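Residue numbers (UniProt numbering): 1 to 901. Every residue, glycine too, gets a C-beta built ideally from N, C-alpha and C. Predicted, not measured: the structure shown is a model, and the values here were computed from it. One structure is given below, encoded as C-alpha cells.
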C-alpha cells in the first residue's frame, strides 16, 4: 500500500492543486477517447463557443454539466468522447478584426478579400487559446487531441458536401426574401443574432381615403416612413365590421393624392384585401401591407401576388421616394419618420399620435437598429427536413429533458419558414456557387469548377456571400467525427449520447442538427437532449453588460477555485428552473470544499500510515457506525440514479447533506472516542475502517462535481495510484441493508438536538456541562438505544447525567422542556438562570413569534398570493407558519413551567 499523506496542509488552496492535477490528467491521456468494442460508447460534442469570446457564466454551467456526465461515465466503464471545438462566429469575428484594422488606419475594403481573410485567420490563431485555456481552468475533461474548428479543413469539406447535396435535391435555392438586415454590418442576420429591447415609440393613426370618395379607413402604424411602400390594406376575413371595405381601393398617403370637391383623386391606389394574418384586435382592424419591409407582410404579398416596393436601401436610407415625399430621399429611417409625419399633417392624412412602448430589434454585435429587408439570398427549404425530425421525436427516438421542451420544439417546427443561409461577409464558409459571366448559368460544386458545364466558358465568378454560421454548426455532431468519410469514430460514437444546451437555441441550433443528422446520417444526432435554464443574478435578472450584474467565472475560479464554482452551479440546478447565482453562494460552497478538506485532514491524522483496509467487523460496530454505512449505501444508490436521470442538482445536494450533516456534524463527532482509543483497540480499528469506507465512496461520488480536490484527497488517502475515474464506481450492493439503524439514529439525533436546543434557549455557553437532563416516558424501543449510547449522549450534549422517569412522573421544578419521539425532555434551570428574567424574555419572544405567525397566515389567506406566487415561495411560507405555531406552543409550555411556585 502507498503511504498516506498524514500531514495534509492546514489550508485548502485550490490554485496549485488544480494546475497540478489537470496537467497530470493530460499526461495520463485520461481524456483520450478510445474505440473499444468491449466497452459501451458515451459521447458528447461540446456546443462550440465563439472563437472571439471568453468563458461566461452560461458556459461555466453548461460545461460543468457536461463534464459531470463525462467523468461519471468514465468511472462507470464507458469509453467516453467529449469532443471540443470552437465556432468561427462570422459576424462577431469580422467585427472584431475590422475594429482592429480601423485602429491601424485601414479597412477590409482597403486590404481586399484575400488579405482580410488571411488577417482574420491570424487573429483566430492568436486568440483561440484564450477560451480553450479558460475551459481547461474549469476542469473540462475534453479530448483536446480531437479539437475541431468550424472552418478547419475537414469541416469545410463537410459544409461543401452538404450544400451541394441539398442543392441537387432542390432543398437549397436562391431567391428574394425578407431578412433581418444590419445597415452597418451590411449583412443578413438570423433571428438569434437580433437582440430586442423595449423602447418608447409612437402609434400613428393615418387616414387612407377610398378612391374617388370622401370616405376613409383608419390605419394604425408604428412605421409611417414605409407607407409609401404599401401595396395593399388587409382585414381579417371574419371581421364583419370591416367587410364592407374588401374589394375597394384606397389611396396611399404621400403618393400625390389630392381632394377635389371633397373626394380623393390621383395618387397610387391599392386594394383592400382579406387575410387571416390580420389580428382584428390590433390597432383599428385595418393593417397596411408593405411586403418589402415586414416579414409578415411579405408572406401576405406572396399569397396575394402583390409586387413589393422597396423604399429603404442596404445602408438604411430612403430610396424611390414619390414626388410628394421627395424631401425624404436619402434620409435615415429616423429622419424620414419625422418628415413623413410632417408631410401627412400637411396633407390632412394624420389623425393622431399616441405614445407606445414596443420591442425594437438591434444587431447583437454593433447595436444598430435592424431593418426587415428584401434582398436576394440563399435559402434552405426547411419543411421537408423538419417533418422527419418531429416524427423521430414523437416516436421516442430522442428524449427531451425536461420533457415539456418537446412541445416547444414541435411548436417551432410547425409552419417553419425557409432558412436564409447567406451572409454578406468575408469571414466564413464561402458559398460554393459560381455564375457563368457568359451564359448566366449557376454552377454549384464541391470542388472549384474550371469551366461552365453549359457553355464551356471559363469566366466563372464565385458568389460573394458566406454561409450562416449556424449552417456549419448544424453539422457539428457528425462533421467533427470525419463525415463525409465513413470513419471508425462515426460508427462507434454516433449518434452522440446527449446534447446539453440552453432553451434559447432549440430552434436555431438543436432543430437544425436534428434535420441535418437525419438527412445525412439517417439517424438522430443525439439520444437525449438536456435543456437547461438561464443563469441569472441573485435578484432573478438576466446577466448583462448594461446592468453590470454579470459574474466572470474566471474571477470566481481565481477567488474560490474551480471546484467551488462547479459544485455551486450543480447544487443550484433544478430541472426547468433558472439558477440565481451570486458570489456569496460560490463562497458558501467554497466553505463546503473546506469542510471536506478539514474532515479528510482529521481522518488522515488519526488513521496514520497503518493498513486498515477491509470491511469493518459488524460485531464491533456501534449504532452510529451501522447508521453511517446505511446512509452511505443509500447515497451510492441515489446519486447514481440521479446522475443517470440528469438530476444533477439533486445528486449534488444529496452529497452536500451527507458530507456536511451526516458525516462531519454527526459521525466524526461520535467517532472521536473510538479514534482516540477510549473504546479500546478493536473499536478503534473498526472505526478507522468505517472512515475509510466512507471516504473511498464519497470521494468517488463527489469526483465528477469537484474533480480537483477529490483527486488530491484520493491520493492522500492512498486509495490508488491511477486517476480516480479509472477506479470502479461505488455500488450500493457492497453494503448490507440496515434500515433499523436509520430509525434508531434518527430518534437518538432528535433527542440530542432537543438537549442542545434547550441549552441554547437557556443561554448556556457551549463549554458548560449541565448536571442533568430528565427524559420522561421513553418508549420501549428507545430505552436500549439510550442505554447503549449514553456515553455519546453525554459527550454530544455536554450533560453529566440523563435521568429517565416514568410517563406519569411529575415534571421537574423550573425546567425548560421539549417533546420528541423519545418522550418529553426537561432541562432543570432553577440553579442555572433567573426564572423571572427568563419568563420576561420568553414573553418578548412570544410576541415576535405571534407577529411572524400572523404575517404568514395573512399571506396564506390571500387567494392571490397562493395562486400567483411560485410554488416554492408558498411552501416556504407554509413552513414558516408551522414553525411559528410549534415555537409558540413550546414557549407557552416553558413560561408555564418557569412560572411555577
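Non-local C-beta neighbours of residue 682 in its own chain, meaning closer than 8 Å and more than five positions away in sequence, comprise 617, 620, ordered along the chain.
The beta-carbon distance between residue 190 and residue 508, rounded to whole angstroms, is 6 Å. This is short enough to meet the 8 Å contact definition.
Three or more Cβ pairs closer than 8 Å define a contact, and the region 549-568 falls short of that threshold against the region 428-442. Nearest to residue 843 by alpha-carbon distance, out of 871, 893, 881, 868, is 893. A direct Cα-to-Cα measurement between residue 237 and residue 274 gives close to 5 Å. Judged by pairs of C-beta atoms under 8 Å, the region 863-883 does not touch the region 829-841, as fewer than three such pairs exist.
As the crow flies, the alpha-carbon of residue 253 is around 16 Å from that of residue 353. In the DSSP assignment, residue 528 falls within the unbroken beta strand (DSSP E) covering 526-532. When 398, 374, 244, 229 are compared, the shortest CA-CA separation from residue 321 is found for 229. Within 10 angstroms of the beta-carbon of residue 455 lie fewer than 16 other beta-carbons, which makes it exposed. Per DSSP, the continuous beta strand (DSSP E) segment holding residue 42 begins and ends at 41-45. At the C-beta level, residue 150 and residue 469 come within 9 Å of one another. Assignment of residue 496 by DSSP, reduced to helix, strand and coil, places it in the strand class. Looking at the DSSP output, residue 180 sits in a beta bridge with 189, 372.
Cβ contact annotation for residue 704 (same chain, cutoff 6 Å, sequence separation greater than five): 68, 71, 72, in chain order. For residue 581, the three-state secondary structure derived from DSSP is coil. The closest CA to that of residue 745, considering only 667, 141, 757, 259, is found on 667.
Distance from the CA of residue 590 to the CA of residue 557, rounded to the nearest whole angstrom, comes to 10 Å. Burial of residue 714 is indicated by the presence of at least 16 other C-beta atoms within 10 angstroms of its C-beta.
Excluding its 5 nearest sequence neighbours in each direction, residue 633 has C-beta neighbours in its own chain below 6 Å: 732, 735, listed in chain order.
For residue 439, no beta strand (DSSP E) run applies, since DSSP gives it neither H nor E. Inclusion of residue 432 and residue 462 in the CB contact set at 9 Å is warranted, their separation being smaller than that value. Only residues of its own chain outside the window of five on either side were considered, and among them 839, 842, 843, 846 have a CB closer than 8 Å to the CB of residue 895, listed in chain order. Judged by their CB atoms, residue 492 and residue 521 are not nearer to each other than the 9 Å cut-off.
Bounds of any beta strand (DSSP E) do not take in residue 421, whose DSSP letter is neither H nor E. Nearest to residue 447 by C-alpha distance, out of 158, 300, 316, 325, is 158.
Here residue 307 is exposed, its C-beta having fewer than 16 other C-beta atoms within 10 Å. The DSSP assignment places complete alpha helix (DSSP H) segments of no fewer than 4 residues inside the region 735-769 at 739-761, in order along the chain. Contact between the region 742-758 and the region 579-589 is absent: fewer than 3 CB-CB pairs across the two stretches fall below 8 Å.
Scanning the region 786-812 from its first residue to its last, the whole alpha helix (DSSP H) runs of 4-plus residues come out as 790-797. Around the CB of residue 63, 16 or more other CB atoms lie within 10 Å, so the residue is classed as buried. Of all alpha-carbon atoms in 399, 357, 294, the one lying nearest the alpha-carbon of residue 372 is that of 294. For residue 684, the three-state secondary structure derived from DSSP is helix. Contact annotation, residue 441 with residue 451: C-beta distance approximately 11 Å; criterion of less than 8 Å not satisfied. Rounded to the nearest angstrom, the Cβ distance from residue 51 to residue 87 is 6 Å, consistent with a contact under 8 Å. In summary, residue 769 is exposed, with fewer than 16 beta-carbon neighbours lying within 10 Å of its beta-carbon over all protein chains present.
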